[in-house]
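Undergrad: When you number the sequence shown by the numbering used here, it's gap-free, plus one each residue, and the end is 336. Pasting a structure here, questions to come.
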Amino acid sequence: MSEKEKGPKKRNLRNLRKSIRMLAIIFVLVLIVVPVSTVFNYKEGKSRSGKGVTSKAADTFDEKTFSGLLVEAYINAYDDKAFQTKIKFTMSPYGSLRSVDRGFIVASRNFTVDFVGTKTVKFNASQPVSDQELSVSWLESDLNAYPADKIFTVIYVNAYITDGNTKIPVPVAMYLWSAAQGFRADITFVDGIDLGQLEYNIITSRSATTIFFSVFVMIALWCIAFASLAVSASFYFLRFYDAVPLTLNATLLFAVPNVRNLQPGIPTIGCTADLASFFWVEGILALNQVLVMYIFFKRKYMLYQQGITEDEENANKQIQPLLNA
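Spelled out as structure tokens, the structure:
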């Protein structure tokens with residue numbers, strides 16, 4: 012085999028080795044990045060607060076010694092249309108408030124629970140303490156700042172036993188979890204509340220995964236705009252007479268809103284994310300479409316004035332180098 016024949020084979024072999032190494036690196040990165048990001052997203056979506064106890068006799072909850080009401084609350088979702096946080100409350104009586112009837116845990120006496128001042132439920136003795144679902148209105152929010160928006164909510168639970176005109180506080184222990192997809196909740200237990208009431212301040216922001224994907228979509232929108240400009244520039248400077256740029260820009264003009272809506276939990280049009288990408292991209296595509304149509308039909312008219320068709324002009328371009336040879 013001659014040296015000339017060996018040269019290309021060696022180059023092909025080197026290129027093959029480089030490709031294999033590159034694929035191996037990509038494969039290793041995928042094995043590392045995907046599981047780590049998945050676990051991170053799972054933990055972030057399961058943000059949990061410390062426990063709070065209203066009993067002055069105990070600083071922490073102990074089911075063996077605690078006498079009162081244990082409340083476990085789960086933030087299930089955030090409704091940006093109604094500006095509310097949806098929470099599920101699961102309650103269990105303990106100590107002197109607890110009784111067993113035919114194998115079921117029930118309340119030993121009547122008591123009342125006030126949820127965030129919007130819902131009051133009376134639980135009867137010898138009856139199971141049922142779960143409660145509640146929608147709590149936001150105190151402050153700025154959806155216009157998406158994906159950097161924050162939501163401020165206050166949640167409190169107040170339990171008491173009514174004896175005539177007197178309300179006797181019931182000690183309350185409470186756990187509060189955030190299990191809403193796409194959000195991160197920073198939960199703070201408020202000290203100094205009277206016996207029988209627990210209060211939490213919740214500041215909710217978008218999860219890191221949501222922010223990352225929102226930024227990714229915004230970059231993708233700008234890439235679409237630049238790609239459209241590149242196609243239109245080639246149409247103008249290289250004098251292409253294909254109708255593809257006409258249909259491309261028109262299609263993208265109506266496809267971009269669907270790409271914009273891929274951002275998780277994005278509010279209606281007008282937020283910060285739109286100002287950073289969507290509005291400008293739509294404007295570029297619309298202006299691009301008008302300019303391409305103007306250039307296309309202007310060239311059509313010029314060819315018509317010269318009395319030749321587009322196919323004849325392309326044929327002349329192809330044969331001209333042969334005539335000059």
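Just so it is clear, CB atoms sit at the ideal spot from N, CA and C, and this is done for glycine as well.
With three or more beta-carbon pairs closer than 8 Å as the criterion, would you say the region 283-300 touches the region 236-243?
TA: Yes: at least three Cβ pairs fall under 8 Å.
Undergrad: According to the neighbour-count rule (16 or more other Cβ atoms, all chains shown, within 10 Å of its Cβ), is glycine 63 buried or exposed?
TA: In this predicted model, glycine 63 has a pLDDT of only 46, less than 50, meaning its place in the structure is not dependable enough to derive any value.
Undergrad: Helix, strand or coil: how does DSSP classify asparagine 87 here?
TA: If DSSP states are grouped into helix, strand and coil, asparagine 87 belongs with the strands.
Undergrad: Would valine 147 and isoleucine 166 be called neighbours here (beta carbons separated by less than 8 Å)?
TA: In this structure, isoleucine 166 lies closer than 8 Å to valine 147 by Cβ.
Undergrad: For phenylalanine 25, which three-state DSSP category applies?
TA: The question names phenylalanine, but residue 25 is arginine in the sequence shown. Helix at arginine 25.
Undergrad: Relative to the C-alpha of alanine 261, which residue among Val242, Phe94 and Pro278 is closest?
TA: Minimum Cα distance to alanine 261 is reached at Val242.
Undergrad: Which residue marks the beginning of the alpha helix (DSSP H) containing alanine 238, and which one marks its end?
TA: Segment 219-248, the alpha helix (DSSP H) holding alanine 238.
Undergrad: Do the region 127-142 and the region 96-105 meet, that is, are 3 or more Cβ pairs less than 8 Å apart?
TA: In short, these stretches touch, since the Cβ pair count reaches three.
Undergrad: What do you get for arginine 113, buried or exposed, if any count of 16 or more other CB atoms within 10 angstroms of its CB means buried?
TA: Burial call: exposed.
Undergrad: I need the DSSP call for tyrosine 305, collapsed to helix, strand or coil.
TA: Three-state result, tyrosine 305: helix.
Undergrad: In this structure, does DSSP put proline 139 in helix, strand or coil?
TA: Note: proline 139 maps to coil in three-state DSSP.
Undergrad: Take arginine 217 and list the residues in its own chain whose beta-carbon comes closer than 6 Å to its own, dropping the five residues that flank it on each side.
TA: Answer for arginine 217: Pro158, listed in chain order.
Undergrad: If distances are taken between C-alpha atoms only, which option among Ala88, Leu154, Ala170 and Val82 comes closest to asparagine 121?
TA: Minimum Cα distance to asparagine 121 is reached at Ala170.
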